[in-house]
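In my numbering, the protein residues as written are 1 to 113. For every residue, glycine included, the Cβ atom is placed at its ideal position computed from N, Cα and C. Input: a single structure, listed below in structure tokens.
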């Protein structure tokens, strides 16, 4: 287990269960973003957006859980672009190059946050 797998606050040890702590972890938050981006891309493909290939969807599906390495990439990207959503998009594009250009397509920064 890494630091990205447990929610940290002074109240955690007194008032939460381990299941509740997992819900609020960085890994769960950003993995949820990836799931939302997959659902968005699937819906857009279904609606006829030709740019979204089955290969792109498969690449996202294969990388739904944010790895520790992806967190490092996202942290570096956030320093560069100063935008958390774009940093995680770039991290997923590195994990799933076939999906580059279609992740978060047509959505605003508020889509997953």
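Beta-carbon contacts of residue i that lie in its chain and below 6 angstroms, excluding the five residues immediately before and after
i	result
residue 52	41, 44, 45, 102
residue 85	109
residue 55	98
residue 100	93
DSSP three-state assignment for residue i, whether helix, strand or coil
i	result
residue 83	coil
residue 47	coil
residue 132	The requested residue 132 does not occur in the structure, where the chain is confined to residues 1 to 113.
residue 4	helix
residue 92	helix
Proximal residues to residue i (C-beta, below 7 angstroms), its chain only, five neighbours per side dropped
i	result
residue 35	64
residue 87	74, 77, 78, 81
residue 12	21
residue 31	64, 65, 66
Where residue i falls, given that 16 or more other Cβ within 10 Å makes a residue buried
i	result
residue 49	exposed
residue 96	buried
residue 37	buried
residue 62	exposed
residue 14	exposed
residue 104	buried
residue 83	exposed
Residues near residue i by beta carbon distance below 8 angstroms, same chain, minus five either side
i	result
residue 68	2, 4
(message) Quick check: the segment 8-22 against the segment 67-82, are at least 3 beta-carbon pairs closer than 8 angstroms?
(response) no
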